[in-house]
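Below is one structure, written out as structure tokens; comments come after it.
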Amino acid sequence: MKLSENGVVWFNGELVPWSRATVHVATHALHYATSVFEGIRAYATPRGPAIVQLRAHVRRLANSCKIVGIPLPYAEDRIAAAIVDTVRANGFDSSYIRPLAFRGYGQLGVDPRNCPVDVAVIVIEHGAHFGLEKLARGIDVGVSSYRRPAPDTLPALAKSAANYLNSQLILLEAKANGFDDGLALDVEGLLSEGSGANVFLVSRGVLHTPSLDCSALDGITRGCVLQIAADLELPAVEHRIPRDMLYVADEIFLCGTAAEVMPVRSIDRVVIGAGGLGPVTERIQRAYWGIVRGERDDPHGWLTYVR
Ligand code: PMP
725 MKLSENGVVW FNGELVPWSR ATVHVATHAL HYATSVFEGI RAYATPRGPA IVQLRAHVRR
785 LANSCKIVGI PLPYAEDRIA AAIVDTVRAN GFDSSYIRPL AFRGYGQLGV DPRNCPVDVA
845 VIVIEHGAHF GLEKLARGID VGVSSYRRPA PDTLPALAKS AANYLNSQLI LLEAKANGFD
905 DGLALDVEGL LSEGSGANVF LVSRGVLHTP SLDCSALDGI TRGCVLQIAA DLELPAVEHR
965 IPRDMLYVAD EIFLCGTAAE VMPVRSIDRV VIGAGGLGPV TERIQRAYWG IVRGERDDPH
1025 GWLTYVR
């Protein structure tokens, strides 16, 4: 995703030019991964830019802080307002929003307690993430040799920088093997998630997704998909899923703020179902796009309009 260097960043309470939103090399987070963040999107809609699931993202940021022991110096309302202000100030129709809370400049050493907490909101202009072609025909995915961290190592429910070294290893290995992305198993060998997205399988008309005890992030798009499935009266179950269910699934898709609803056409070079966008995935993809782009009703109040 390309940076929007002419834009403004919300940094510790004020909007500053992009070039002034900088930190010192002794910043604690740089050394010890004491950082939590969010990835949010605002889509162009007929009523101007709309932020998707703003409240849920801000809540998850606050929860991530709680889990990893970073005291968030602003109330959730203040962070939500800062996000709306930053989107408005940058003026992009369609954007990716990155709120970030981290331990800053104070002292070196593992103990974070004497380092202040800095908070930033970065907004960049952003259209389709994987490209429209891939959203239509699907991506090729490999099961990673890297597992997600065990639950008593790094907490998966926190969207913390520390977890993204694991994501990078999964993605780099997948790319080196010629795949678009990797899918990781948890420490028990059960299905977990992609490097930056949750996973769903469709099997005999039922949606399956790993439960949250499988070291996956509690994805907000995952929640949207479960809601859309309920709205469409498609049965959906969250449970512990063995790897082999992947290969015999009728359809598989990844979902996330950036990935949206992304069909998977092969796993480990095994073609899934008919090898493209399956009918159930297509219904969910259409419903999701329709809502986030303001083309359909927003029955669950997912959109926050910035104008
Ligand atoms: N898992 C991981 C590891 C992710 O990075 C993301 C993207 N934030 C997701 C799942 C999907 O989460 P969300 O739908 O909230 O974007």
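Heads up: the sequence shown at position 11 corresponds to 735 in our numbering, and the numbers run straight through without jumps. The beta-carbon is built from N, C-alpha and C at its ideal position, and this holds for glycine as well. It should be emphasised that the depicted structure is a prediction, and the values quoted were computed from it without experimental measurement.
Between A885 and A753, the CB-CB gap stays under 8 Å.
Residue pairing of S884 in beta bridges, as defined by DSSP: V760. Here L1027 is bridged, per DSSP, to V776. By the criterion of a C-beta distance shorter than 8 Å, D1022 is surrounded in its chain by I1015, once the five residues flanking it on both sides are discounted. For M969, the uninterrupted alpha helix (DSSP H) segment begins and ends at D968 to Y971. Contact between R871 and D910 is confirmed by a C-beta separation of about 6 Å, below the 8 Å threshold.
Distance from the CA atom of A1011 to the CA atom of V834, rounded to whole angstroms, is 46 Å. One thing to note: P934 has its Cβ within 8 Å of the Cβ of E917. Within 7 Å of the C-beta of R822 there is not a single heavy atom belonging to the ligand PMP. Apart from sequence neighbours up to five positions away, the residues of its chain that approach Y798 with a beta-carbon distance below 7 Å are V843, ordered along the chain.
The continuous beta strand (DSSP E) containing C979 extends over residues E975 to G980.
Per DSSP, reduced to three states, the secondary structure at T751 is coil, with no helix or strand assignment. Secondary structure in the region 875 to 929: the alpha helix (DSSP H) runs of 4 residues or longer, each lying completely within the stretch, are 887 to 900 in chain order. With a cutoff of 8 Å on beta-carbon distance, A960 and I1008 are scored as not near each other. For W734, the beta-bridge partners assigned by DSSP are L739 and V845.
Cβ-Cβ separation between C948 and W1026: approximately 7 Å, consistent with a contact (criterion under 8 Å).
Remark: the shortest separation between the CB of C938 and any heavy atom of the ligand PMP does not fall under 7 Å. Under DSSP, R765 shares a beta bridge with Y820. Where V808 is concerned, the enclosing alpha helix (DSSP H) starts and stops at E800 to N814. Counting only residues of its own chain and dropping the five nearest sequence neighbours on each side, V740 has a CB closer than 7 Å to the CB of V732 and V733. Taking 8 Å as the upper bound for CB-CB distance, E975 and T945 are not in contact here, some 17 Å apart. R861: member of the alpha helix (DSSP H) spanning L856 to R861, first to last residue. The Cβ neighbour count for K883, taken over all protein chains shown within 10 Å, is at least 16; the residue is labelled buried. A distance filter of 6 Å between CB atoms and the heavy atoms of the ligand PMP selects the following residues in sequence order: G763, S891, E917, G920, A921, N922, L941, G943, I944, T945, R946, G980 and T981. By alpha-carbon distance to E984, the top candidate from D955, Y767 and K726 is Y767.
For P1003, the enclosing alpha helix (DSSP H) starts and ends at P1003 to V1016. CA-CA distance, P770 to E729, rounds to 27 Å.
Excluding sequence positions up to five before and after G830, its CB lies within less than 7 Å of the CB of H752, N838, C839 and P840, all in the same chain and listed in chain order. Inclusion of I803 and P773 in the CB contact set at 8 Å is not warranted, their separation being larger than that value. Shortest Cα-Cα distance from V865 to any of D955, R1020 and R993 involves R993.
From the listed residues E897, R812, R827 and T1028, the smallest Cα separation to P795 is found for R827.
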